[in-house]
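Novice:
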Amino acid sequence: VRQALGGSAPCAADCCAAAVECNATAQAVCMAECGGRWDTPWFDVVLARVGALGAPSREAATSHEAPFFQADRNHIMIIGAMAGLVPAITDGYAFSFQTRFTNLVDQLVWNAFASNSERLQALLFGSATHRGVEPLVRSGQTSTDAKVVTAIHAIAAALPFFLPEAAGAFCAAPAPCFLLRPTIGLEPGLTAKCGSPLDGYPGVPMAEFDSEGGEWAVFPPEKAECLVEWHAEDAPGPSGLGQVVAFQLLWHRLRDGWNSMGLDGGCEGGPAYCLPYAEGRTQYNPQVGDCLEEELFPASPSPPPPSTSPSPSAELVPPPSASPSARPVPPPPS
Numbered sequence: 379v380r381q382a383l384g385g386s387a388p389c390a391a392d393c394c395a396a397a398v399e400c401n402a403t404a405q406a407v408c409m410a411e412c413g414g415r416w417d418t419p420w421f422d423v424v425l426a427r428v429g430a431l432g433a434p435s436r437e438a439a440t441s442h443e444a445p446f447f448q449a450d451r452n453h454i455m456i457i458g459a460m461a462g463l464v465p466a467i468t469d470g471y472a473f474s475f476q477t478r479f480t481n482l483v484d485q486l487v488w489n490a491f492a493s494n495s496e497r498l499q500a501l502l503f504g505s506a507t508h509r510g511v512e513p514l515v516r517s518g519q520t521s522t523d524a525k526v527v528t529a530i531h532a533i534a535a536a537l538p539f540f541l542p543e544a545a546g547a548f549c550a551a552p553a554p555c556f557l558l559r560p561t562i563g564l565e566p567g568l569t570a571k572c573g574s575p576l577d578g579y580p581g582v583p584m585a586e587f588d589s590e591g592g593e594w595a596v597f598p599p600e601k602a603e604c605l606v607e608w609h610a611e612d613a614p615g616p617s618g619l620g621q622v623v624a625f626q627l628l629w630h631r632l633r634d635g636w637n638s639m640g641l642d643g644g645c646e647g648g649p650a651y652c653l654p655y656a657e658g659r660t661q662y663n664p665q666v667g668d669c670l671e672e673e674l675f676p677a678s679p680s681p682p683p684p685s686t687s688p689s690p691s692a693e694l695v696p697p698p699s700a701s702p703s704a705r706p707v708p709p710p711p712s
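If you count by the working numbering, then the sequence shown holds residues 379 to 712, one letter each, in order.
Following this line, the structure appears as structure tokens:
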């Protein structure tokens with residue numbers, strides 16, 4: 379595997395990588411040496427070792443007496459990207475979900491590496507894809523720079539589908555991968571041309587099929603053809619390749635039986651009811667149906683307003699009159 383990975387040093391690996399910090403002019407020269415689309419952007423790796431790895435000083439970060447000097451810019455890129463994901467994973471989810479998220483990130487990184495290699499195989503998911511498969515695209519690049527840059531773009535493209543709460547922290551400054559400015563989510567041009575990994579979702583979970591395959595066991599050929607064409611014609615660099623890697627893997631992982639979107643089983647109740655990773659949801663939708671027309675708490679009836687016309691059953695009472703037998707009472711004598 380190590381031979382197939384074919385690790386290589388980043389572009390301009392030794393440029394301004396000494397204990398004494400370079401001035402701005404020298405650093406600009408280093409940046410210019412790494413201007414290719416498949417290059418890892420240049421940054422002060424010694425400073426990054428101090429900040430990201432905790433090296434006590436620039437001298438310690440470059441000394442061969444400590445392990446810090448072994449970390450190059452590509453190591454720092456991966457570490458910085460993971461640092462943006464870990465808090466959202468560990469603070470918000472139980473261990474089983476943490477394992478799933480980290481496994482998905484590992485697969486994105488591995489498939490990005492495979493796409494920039496001569497013979498590494500991609501790893502997808504499902505009973506028919508436990509074995510390695512040929513990547514949809516092989517870039518023709520084999521440098522570690524190309525592998526890492528593609529991996530960063532692939533993780534960014536997949537984030538809204540599995541860990542959207544980490545999108546803000548991922549590759550935010552001062553993380554080194556901020557220099558790449560990866561697109562969070564799938565490119566609009568890609569989805570306009572090839573659709574979405576959610577097309578036909580939820581369908582039948584892949585977990586329901588045996589090793590001989592089934593409806594969802596194989597990535598749709600029309601999707602594969604479209605992704606290859608889009609990458610070649612519209613986005614031939616590492617950003618486009620990362621999008622392709624993410625699209626294909628997401629298509630499989632959204633159907634892995636974990637109900638990561640909350641829609642397995644045909645749930646239509648909206649995000650308040652169809653919760654991601656929930657079990658036992660049905661097609662019942664609490665937001666629609668005849669039951670919503672029922673008045674569960676009717677208001678108390680109001681008394682009728684007073685009538686201004688006489689009641690037909692009311693008897694007329696004559697006004698009082700002087701009785702003939704009534705005599706005025708004389709005043710008492712004084």
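Here a beta-carbon is modelled for each residue, glycine too, at the ideal position from N, C-alpha and C.
1. Secondary structure at A426, three-state DSSP: helix, strand or coil?
2. Any chance the segment 598 to 605 sits against the segment 466 to 474, with 3 or more Cβ pairs inside 8 Å?
3. Provide the residue(s) that pair with A500 in DSSP beta bridges, ordered along the chain.
4. Checking 7 Å against the spacing of the C-beta atoms, do N637 and Y651 come in under that value?
5. D523 and P419: beta carbons closer than 7 Å?
6. With respect to the alpha helix (DSSP H) encompassing W629, which residues constitute its N-terminal and C-terminal limits?
7. Grab me the residues of P513's own chain with a C-beta within less than 7 Å of its C-beta, minus the 5 sequence neighbours each way, in chain order.
8. Just the C-alpha distance for F556 and G563, rounded to the nearest angstrom, thanks.
9. To the nearest angstrom, how far is it from the Cα of G510 to the Cα of P554?
10. Would you call the segment 566 to 579 in contact with the segment 627 to 646, where contact means no fewer than 3 C-beta pairs closer than 8 Å?
11. Output the distance between the C-alpha atoms of G567 and L653, rounded to the nearest integer angstrom.
12. Where do the N-terminal and C-terminal ends of the alpha helix (DSSP H) with A457 fall, by residue?
13. Out of V526, M409, G648, state which residue places its alpha-carbon closest to the alpha-carbon of G615.
14. Considering only C-alpha positions, which residue in the set I530, A404, A610, S386 is nearest to M455?
15. For G640 and E611, what's the separation of their Cα atoms in angstroms?
16. When the Cα atoms are used, what is the spatial distance from P538 to A545?
17. Give the range of the alpha helix (DSSP H) segment to which A410 is assigned.
18. Give a yes or no on whether the C-beta atoms belonging to I457 and A433 are separated by under 7 Å.
19. Identify whether P542 lies in helix, strand or coil by the three-state DSSP scheme.
Specialist: For this structure:
1. Mapped onto the sequence shown, residue 426 falls at position 48. Helix, per DSSP.
2. Result no; under three Cβ-Cβ pairs closer than 8 Å.
3. Stepping through the sequence shown from its first residue, residue 500 is reached at position 122. DSSP, once it has assigned bridges, lists V511 as partnering A500.
4. Translated into the one-based positions of the sequence shown, residue 637 becomes position 259. Translated into the one-based positions of the sequence shown, residue 651 becomes position 273. No, the pair does not count as a contact, with Cβ atoms beyond the cut-off.
5. Along the sequence shown, one-based indexing puts residue 523 at 145. Along the sequence shown, one-based indexing puts residue 419 at 41. It is not a contact, given that the beta carbons lie outside the stated cut-off.
6. If you number the sequence shown from 1, residue 629 lands on position 251. Its alpha helix (DSSP H) spans residues 616 to 631.
7. Indexing the sequence shown from 1 puts residue 513 at position 135. Once the five neighbours on either side are set aside, the close Cβ partners of P513 are N489, A492, S493, A500.
8. On the sequence shown, position 178 is the one that residue 556 refers to. On the sequence shown, position 185 is the one that residue 563 refers to. Roughly 15 Å separates the two Cα atoms.
9. Residue numbering aside, residue 510 sits at position 132 when the sequence shown is read from its first letter. Residue numbering aside, residue 554 sits at position 176 when the sequence shown is read from its first letter. Spanning the two alpha carbons is a distance of roughly 31 Å.
10. yes
11. Walking along the sequence shown from the start, residue 567 turns up at place 189. Walking along the sequence shown from the start, residue 653 turns up at place 275. Approximately 29 Å between the Cα atoms of the pair.
12. Mapped onto the sequence shown, residue 457 falls at position 79. It is Ile, not Ala, that sits at residue 457 in the sequence shown. Looking at the DSSP string, the run of the alpha helix (DSSP H) that includes I457 is 451 to 470.
13. Start at 1 with the first residue of the sequence shown, and residue 615 comes out as number 237. Comparing Cα-Cα distances from G615 to each of V526, M409, G648, the minimum goes to V526.
14. The residue you call residue 455 lines up with position 77 of the sequence shown. Checked all of I530, A404, A610, S386; the closest Cα to M455 is I530.
15. Numbered from 1 along the sequence shown, position 262 holds the residue referred to as residue 640. Numbered from 1 along the sequence shown, position 233 holds the residue referred to as residue 611. For G640 and E611, the distance between alpha carbons rounds to 35 Å.
16. Position 160 of the sequence shown, counted from the first residue, corresponds to residue 538. Position 167 of the sequence shown, counted from the first residue, corresponds to residue 545. If I take the Cα positions, the gap works out to 7 Å.
17. Here the question's residue 410 lines up with position 32 in the sequence shown. Segment 402 to 411, the alpha helix (DSSP H) holding A410.
18. Along the sequence shown, read from residue 1 onward, the residue named residue 457 stands at position 79. Along the sequence shown, read from residue 1 onward, the residue named residue 433 stands at position 55. Cβ distance not < 7 Å, so I457 and A433 don't count as in contact.
19. Here residue 542 is taken as the residue at index 164 of the sequence shown, counted from 1. Helix, per DSSP.
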